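Undergrad: Provided herewith is a single structure, encoded as structure tokens, for subsequent inquiry.
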Amino acid sequence: MKKQQPTKKIIFHSEKEMPLAPYSLGSMLHNRTGAWRNIRPEINLENCIQCGICWKFCPDVAIYIENEYPVVDYTYCKGCGLCAEECPVKCITMVEEEK
Ligand code: SF4
Ligand code: SF4
């Protein structure tokens, strides 16, 4: 596995030094946001209409399309529930994460 880059510190001495919008110092590949999750999306593919909306809305790009169906990458899924909220046929269920 590739060694993770050390995180740099950002220090702003005043509001004027701050950027207009938030930004990340590293590749999102290093930010394994799956560790934040306490609920996880489960997709019932039998009811999936392959619209791709869940893929489009996922803020962590944690959904990819394989054989025309969505797949969740739990390394990056933070469990926000947006995909379940936006799915037009409600075939994504958020379930309690197993500890
Ligand atoms: S729960 Fe949030 S982070 Fe996880 S796949 Fe759905 S939209 Fe992406
Ligand atoms: S939003 Fe729902 S129906 Fe559309 S691709 Fe995703 S899981 Fe399937």
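Position in the sequence shown (first residue = 1) + 16 = my numbering.
Idealized CB from N, CA, C, for every residue including glycine.
These numbers come from a predicted model, not from an experiment.
1. To the nearest angstrom, how far is it from the Cα of Ser-30 to the Cα of Glu-114?
2. Does the Cβ of Val-88 have 16 or more other Cβ atoms within 10 Å, making it buried, or fewer, making it exposed?
3. On the CB-based measure, 16 or more other CB atoms within 10 Å of its CB, does Lys-94 come out buried or exposed?
4. By alpha-carbon positions, which one of Ala-37, Cys-96, Glu-82 ends up nearest to Asp-76?
5. From this set, Cys-64, Tyr-92, Glu-102, Cys-99, which residue's C-alpha is nearest Tyr-84's C-alpha?
6. Using the three-state DSSP reduction, which class does Thr-49 fall into: helix, strand or coil?
7. Taking 7 Å as the cut-off, does the CB of Ala-78 come closer than this to any heavy atom belonging to ligand 1?
8. Helix, strand or coil, according to DSSP, for Ile-27 in the structure here?
TA: Quick answer:
1. Cα to Cα, Ser-30 sits roughly 43 Å from Glu-114.
2. When all chains shown are included, Val-88 counts as buried.
3. Residue burial annotation: Lys-94 is buried, with at least 16 other C-beta atoms found within 10 angstroms of its C-beta.
4. When each option's Cα is compared against that of Asp-76, the closest is Cys-96.
5. Checking the sequence, you will find Glu at residue 84 rather than Tyr. When each option's Cα is compared against that of Glu-84, the closest is Cys-64.
6. If DSSP states are grouped into helix, strand and coil, Thr-49 belongs with the helices.
7. At a cut-off of 7 Å, the beta-carbon of Ala-78 counts as near ligand 1: some heavy atom of the ligand is closer than that.
8. Residue state, collapsed to three classes: coil.
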